[in-house]
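Asker:
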Amino acid sequence: MMLNCSRPTDAIIFHVGAGIRISDLTVTAAQRLDEVSRQRCPSLDLLYIRVSRQCTTGELLNVSLSFEREIEGDKLDGFYMAKYKDKNRALRYMASTHMEPVSARKAFPCFDEPEMKATFDLEVIRDWRYKSLFNMPLARTVPDTRCSHLTNQSGCHRDIFQTSVVMSTYLVAYAVLPMDYVSLQKVVKTSRGSIQVGIWAPSSSQNQLDFAMSVTEKVLPYFEDLFNLSYPLPKLDMIGVPQFAAGAMENWGLIIYRFSTLLYDPNYTTTIDKQTIAEVISHEIAHQWFGNIVTMKWWDELWLNEAFAVFTQYIGVDAFKPGWSMMDRCYVEFVASALQTDSLLHSHPIIVPGLSDPNEIESMFDDISYFKGSALIRMLDAATLKRGLIIYLNRFAWRNAASSDLFAAFSEAYMLENGDSGPHANSPVRNLTRVMDTWTTQVNYPLVTVRIRGNKLHFRQERFLLVPNATSIWKSNQTSRFGFRWIVPIWYVTDRISEPRWVWMDLEEEKTIELDHQPKFVKINFNQTGLYRCSYEQSNWRELIRLSR
Numbered sequence: 001m002m003l004n005c006s007r008p009t010d011a012i013i014f015h016v017g018a019g020i021r022i023s024d025l026t027v028t029a030a031q032r033l034d035e036v037s038r039q040r041c042p043s044l045d046l047l048y049i050r051v052s053r054q055c056t057t058g059e060l061l062n063v064s065l066s067f068e069r070e071i072e073g074d075k076l077d078g079f080y081m082a083k084y085k086d087k088n089r090a091l092r093y094m095a096s097t098h099m100e101p102v103s104a105r106k107a108f109p110c111f112d113e114p115e116m117k118a119t120f121d122l123e124v125i126r127d128w129r130y131k132s133l134f135n136m137p138l139a140r141t142v143p144d145t146r147c148s149h150l151t152n153q154s155g156c157h158r159d160i161f162q163t164s165v166v167m168s169t170y171l172v173a174y175a176v177l178p179m180d181y182v183s184l185q186k187v188v189k190t191s192r193g194s195i196q197v198g199i200w201a202p203s204s205s206q207n208q209l210d211f212a213m214s215v216t217e218k219v220l221p222y223f224e225d226l227f228n229l230s231y232p233l234p235k236l237d238m239i240g241v242p243q244f245a246a247g248a249m250e251n252w253g254l255i256i257y258r259f260s261t262l263l264y265d266p267n268y269t270t271t272i273d274k275q276t277i278a279e280v281i282s283h284e285i286a287h288q289w290f291g292n293i294v295t296m297k298w299w300d301e302l303w304l305n306e307a308f309a310v311f312t313q314y315i316g317v318d319a320f321k322p323g324w325s326m327m328d329r330c331y332v333e334f335v336a337s338a339l340q341t342d343s344l345l346h347s348h349p350i351i352v353p354g355l356s357d358p359n360e361i362e363s364m365f366d367d368i369s370y371f372k373g374s375a376l377i378r379m380l381d382a383a384t385l386k387r388g389l390i391i392y393l394n395r396f397a398w399r400n401a402a403s404s405d406l407f408a409a410f411s412e413a414y415m416l417e418n419g420d421s422g423p424h425a426n427s428p429v430r431n432l433t434r435v436m437d438t439w440t441t442q443v444n445y446p447l448v449t450v451r452i453r454g455n456k457l458h459f460r461q462e463r464f465l466l467v468p469n470a471t472s473i474w475k476s477n478q479t480s481r482f483g484f485r486w487i488v489p490i491w492y493v494t495d496r497i498s499e500p501r502w503v504w505m506d507l508e509e510e511k512t513i514e515l516d517h518q519p520k521f522v523k524i525n526f527n528q529t530g531l532y533r534c535s536y537e538q539s540n541w542r543e544l545i546r547l548s549r
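Printed below as a string of structure tokens:
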């Protein structure tokens, strides 16, 4: 590991998983630094090393070490082994990785934090009957004798890969596959160049790779144009593996899937499973921008990766198959899920500061990060959303970003689209950070009740809980700096207003507006764009029910 000393210190701290045994550790700068002490912290997977003197600011350190780790098959994280039966029912073994969120440390010693980006070099020594893949293309293969004792053949090979782009440790991926694995290869043309795409699976599934390729060759160029930012790697491989802890993982240039989320058999795969495969592929390709090119600073803002991948997966599949009406499914598939999950007192905010324990980090991969975050994105108008994403991705490419960076990009996009006019002139949307803070740092969401009084509409917001009198052991769910009030955009129509109009509740418990007519009914949250529930008087409900018949 090559390190830059940013401030004087005699301590080096990095992550080492419990199953890793380290030997031959040296630290050198202009000259060797003697190791004074070494201590492990098992609960946080940390190794503390003290050396004989402090490094100076700007000094380059080289930490060199040897380590060993047994490859396991019972835990599907880090670098692990899996098995399957080939078309002849013979047992085959392979090995692959799953590093997200904090399992790179189980595969190799590293600085296992998303903000600690680095380049990675990989060499794989393998038996001749296997092949290997990495995030980057293979540079060359040379003979090697170090594993010849394991085989009757003298066929040991060392695969040397190109140095990776700068990336976070959780995106590092590699796999060692038996020769039974085959691939469908295609050069995908984009408006910005070409990308070598490979879809990999056991030979028994060779006829099930075409659909994944058809999705990829449509969605990958589409996202390049949508985000106005090129996919930066020369290749993109996708592997189906027999055992995998997630549906798929967006490793840069080497996406890993369960068989069921990659392989499509037209004779057996159901229509809904076909759509799911397309969604998962689109989701993982979207991550090549959201998460890979631009990464959240810490796991407490995981939604910056996952919510945008969820939202844009629908956009990608809609471009692939417009007839599937994917954008109409958004409400059912993630808005309704978010409303259900986040109506519980034991829910949590989208942003949860103070995460450090690996189990706490793992718990962030839930409906709140994925679906509530996506529902918030859906609240933005299409023009501001598209322009804001282009600003955000291009401004923070190859770096880490925070939620405030995203909101600033959207505020800038709104001003570029509308100037000082537009439908939200003099509204809270001009400071989107302030608006979104009420949605990302508070648990739950509002119930907005509207009543008609003559030519006036009276709005009231309150915290919605499925069980109103529930109690929680979590203090963070009992108090809020906003008093469980939100900055709520309210779209409304009446019997005489057919085009939705806007009103904002700016942390107000109640708000009254005056119309130029006395409405027979009012309908708020038109098209369920806002992440809140609505309630009306009985007479208003009856009129809405009558009109829906």
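1 is the number of the first residue of the sequence shown in the UniProt record's numbering; add one for each residue after it. Backbone N, C-alpha and C define an ideal beta-carbon position, used for all residues, glycine too.
Please report the straight-line C-alpha distance between Gly155 and Arg129, rounded to a whole angstrom.
Answerer: Taking the straight line from one Cα to the other gives about 8 Å.
Asker: Leaving aside the five residues before and after Leu91 along the sequence, list all residues of the same chain whose C-beta is less than 7 Å from its C-beta, in chain order.
Answerer: Lys83, Lys85, listed in sequence order.
Asker: Does the pairing of the region 372 to 379 with the region 394 to 408 give three or more beta-carbon distances under 8 Å?
Answerer: Judged by Cβ distances under 8 Å, the region 372 to 379 makes no contact with the region 394 to 408, as fewer than three pairs qualify.
Asker: I'd like the span of the beta strand (DSSP E) that includes Thr9, first residue to last.
Answerer: That run of the beta strand (DSSP E) goes 9 to 15.
Asker: So what's Lys297 in DSSP terms, helix, strand or just coil?
Answerer: If DSSP states are grouped into helix, strand and coil, Lys297 belongs with coil.
Asker: Going by DSSP, which residues form a beta bridge with Cys534?
Answerer: DSSP lists Val448 as partners of Cys534.
Asker: Taking Cβ to Cβ, would you say Phe161 is nearer than 8 Å to Pro137?
Answerer: Closer than 8 Å, so yes.
Asker: Quick check: the Cα distance between Ser363 and Glu72, rounded to an integer number of angstroms?
Answerer: Computed Cα separation, rounded: 23 Å.
Asker: Of the choices Thr494, His98, Arg453, whose alpha-carbon is the least far from that of Leu544?
Answerer: Cα-wise, what sits closest to Leu544 is Thr494.
Asker: Tell me which residues share the same chain as Arg146 and place their Cβ nearer than 7 Å to its Cβ, disregarding the 5 neighbours each side in the sequence.
Answerer: Excluding positions up to five away in sequence, the list reads Ile125, Cys156.
Asker: Alpha carbon to alpha carbon, how far is Ser66 from Ile315? Give it in angstroms, no decimals.
Answerer: Rounded to whole angstroms, Ile315 to Ser66 spans 46 Å at the Cα level.
Asker: Can you tell me whether Tyr268 is buried or exposed, with buried defined as 16 or more other CB within 10 angstroms of its CB?
Answerer: It counts as exposed.
Asker: CB Trp439 to CB Leu515, shorter than 8 Å?
Answerer: For Trp439 and Leu515, no; Cβs fall outside 8 Å.
Asker: Phe410 and Leu380: beta carbons closer than 8 Å?
Answerer: Their beta carbons are under 8 Å apart, which means Phe410 touches Leu380 by this criterion.
Asker: Do Phe371 and Val332 count as a contact pair if the criterion is CB distance below 8 Å?
Answerer: Not a contact, by the Cβ cut-off of 8 Å.
Asker: Over the uninterrupted beta strand (DSSP E) stretch that includes Thr440, give me the two end residues.
Answerer: Element bounds for Thr440: not the beta strand (DSSP E) but the alpha helix (DSSP H), 432 to 440.
Asker: Just the Cα atoms here: how many angstroms apart are Val215 and Asp74?
Answerer: Going from the Cα of Val215 to the Cα of Asp74 covers about 32 Å.
Asker: So, are the CB atoms of Ile513 and Leu457 less than 8 Å apart?
Answerer: Yes.
Asker: Might you give, ordered along the chain, the residues of its own chain that have their beta carbon closer than 7 Å to the beta carbon of Pro489, omitting 5 neighbours on each side?
Answerer: These residues qualify, in order along the chain: Met379, Trp502, Trp504, Gly530.
Asker: I'd like to know if the region 247 to 265 and the region 90 to 110 are in contact, where contact means that at least 3 CB-CB pairs between them fall below 8 Å.
Answerer: Result yes; three or more Cβ-Cβ pairs closer than 8 Å.
Asker: How would you call Ile272, buried or exposed, if buried means at least 16 neighbouring beta carbons within 10 angstroms?
Answerer: Its Cβ having fewer than 16 others within 10 Å, Ile272 is exposed.
Asker: Classify Lys87 as helix, strand or coil using the three-state DSSP reduction.
Answerer: Correct three-state label for Lys87: coil.
Asker: Whole-angstrom Cβ separation of residue 599 and Arg50, contact assumed at under 8 Å?
Answerer: Nothing can be reported for residue 599, as the shown portion of the chain is limited to 1 through 549.
Asker: Distance, Cα to Cα, Asp237 vs Cys5?
Answerer: Rounded to whole angstroms, Asp237 to Cys5 spans 36 Å at the Cα level.
Asker: Quick one: what does DSSP say Gly354 is sitting in, helix, strand or coil?
Answerer: Correct three-state label for Gly354: coil.
Asker: Is the separation between the beta-carbon of Glu284 and that of Ile255 shorter than 8 Å?
Answerer: Yes, the pair counts as a contact, with Cβ atoms nearer than the cut-off.
Asker: What's the C-alpha gap between Phe482 and Ser369?
Answerer: Spanning the two alpha carbons is a distance of roughly 21 Å.
Asker: Would Asn228 and Ile351 be called neighbours here (beta carbons separated by less than 8 Å)?
Answerer: Contact flag unset, no.
Asker: Within the same chain, show all residues whose beta-carbon is closer than 7 Å to that of Thr56, passing over the 5 residues directly before and after it, in chain order.
Answerer: Excluding residues within five positions, the ones whose Cβ falls inside 7 Å are Cys5, Pro8.
Asker: Check each candidate in Ala307, Tyr231, Pro353 and name the one with the smallest Cα separation from Ala338.
Answerer: The shortest C-alpha separation from Ala338 is found at Ala307.
Asker: Let me confirm a value: Ala382 is counted as buried when at least 16 other C-beta atoms fall within 10 Å, else exposed. Which label applies?
Answerer: Ala382 is exposed by the Cβ-count criterion.
Asker: If we count the other Cβ atoms within 10 Å of its Cβ and call it buried at 16 or more, is Thr169 buried or exposed?
Answerer: When all chains shown are included, Thr169 counts as buried.
Asker: Quick one: is His517 buried, meaning 16 or more other Cβ sit within 10 Å of its Cβ, or exposed?
Answerer: Flag for His517 reads exposed.
Asker: Could you tell me which whole beta strand (DSSP E) segments of length 3 or greater appear in the region 128 to 212?
Answerer: Listed in chain order, the complete beta strand (DSSP E) runs (minimum 3 residues) inside the region 128 to 212 are 130 to 134, 138 to 143, 156 to 161, 174 to 178, 181 to 190, 193 to 202.
Asker: Rounding to the nearest angstrom, what Cα-Cα distance links Gly323 and Met213 in this structure?
Answerer: Straight-line Cα distance between these residues: approximately 19 Å.
Asker: Beta-carbon within less than 7 Å of Asn292's beta-carbon, same chain only, minus the 5 sequence neighbours each way: which residues are those?
Answerer: Once the five neighbours on either side are set aside, the close Cβ partners of Asn292 are Met167, Leu171, Glu250, Trp252.
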